[in-house]
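These notes are about the structure you will find just below.
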Amino acid sequence: MILRSRRVAARTAAVAVTGLTLALLLSACGSDGEPDAEASGTPSVTVTEPQSDDGPLNANEACAAMYVYDDEHLADRVAAALLDVSQDGLDPTMADRMHALAIDLGRLQDRVPEEFRDPIAQIRVPFVQVQEKLDAMDGGDLQLDIGAATEGLRAYEALC
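Positions -28 to -1, 1 to 132 (mature numbering (1 follows the signal peptide of the UniProt record, and there is no 0)) are the ones given, in order, by the sequence shown.
Set out below in structure tokens:
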């Protein structure tokens, strides 16, 4: 019984932390220092899916594209891929994963407002390095600039 109540308490704490984190993230995406406009009865933007698949995004949609859409946030996929490649090396599966992320980031970079483009370019650096290494087919060592991606993620988050 004690073990079960500890699990319930741990789950309750995890749910509370997750809810608080999501609330802080969503409030940061819309905060521009001005008081919020009066709430209306109809939502102006749907958070569950982008307005279009190829049109330009505003700042709030750019933040949502990185941190809200999909089952796994794009920022989390980037961090996980970089961690995995640094620990396990670059095998064909990892190369495919890195390539797919480079494409996703490139598509996002084309759609976001100007101030978000440099951070995305920084995030893309190690993914582009992988692609260039594969294209060169020289079989040498691969040195990834993970610091650039980290700085890009921080800069992107600061904009949100």
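A virtual CB, placed ideally from N, CA and C, is assigned to each residue, including glycine.
A quick note: this is a predicted structure, and the numbers were derived from the prediction, not measured.
Where G2 sits in the DSSP three-state scheme | Below a pLDDT of 50, predicted positions are generally treated as unreliable, and G2, at 45, falls in that range; no measurement from the model is reported.
Buried or exposed for E104, please, with buried defined as at least 16 other CB atoms from any protein chain shown within 10 angstroms of its CB.
-> exposed
I think A67 touches V102, with their Cβ atoms under 8 angstroms apart; what is that distance to the nearest whole Å?
-> 6 angstroms
Status (buried if at least 16 other CB within 10 Å, exposed otherwise) for G61 | exposed
Name the residue from V84, N32 and I95 whose alpha carbon lies nearest to the alpha carbon of L54.
-> I95
Going straight from the alpha carbon of D107 to that of N32, what length do you get?
-> 36 angstroms
Could you check the C-alpha separation between Y39 and A51 for me, to the nearest Å?
-> 12 angstroms
Please work out which residues of its chain come closer than 7 angstroms, Cβ to Cβ, to L34, disregarding the five sequence neighbours upstream and downstream, and give them in chain order.
-> The question names Leu, but residue 34 is Ala in the sequence shown. Counting only Cβ-Cβ distances below 7 angstroms, and skipping sequence neighbours, we find V84, P85 and F88.
Can you tell me the Cα-Cα spacing of G119 and N30, whole angstroms?
-> 27 angstroms
So what does DSSP say about D107, is it helix, strand or coil?
-> helix
Endpoints, alpha helix (DSSP H) assigned at P64 = P64 to R83
Where does C132 sit, in a helix, a strand or coil, going by DSSP?
-> coil
Go through its chain and collect everything with a Cβ distance to V100's Cβ below 8 angstroms, but skip five positions before and after it.
-> A74
Following the continuous alpha helix (DSSP H) through R57, name the residue where it begins and the one where it ends.
-> Rather than Arg, the amino acid found at residue 57 in this sequence is Val. L46 to D60 is the extent of the alpha helix (DSSP H) around V57.
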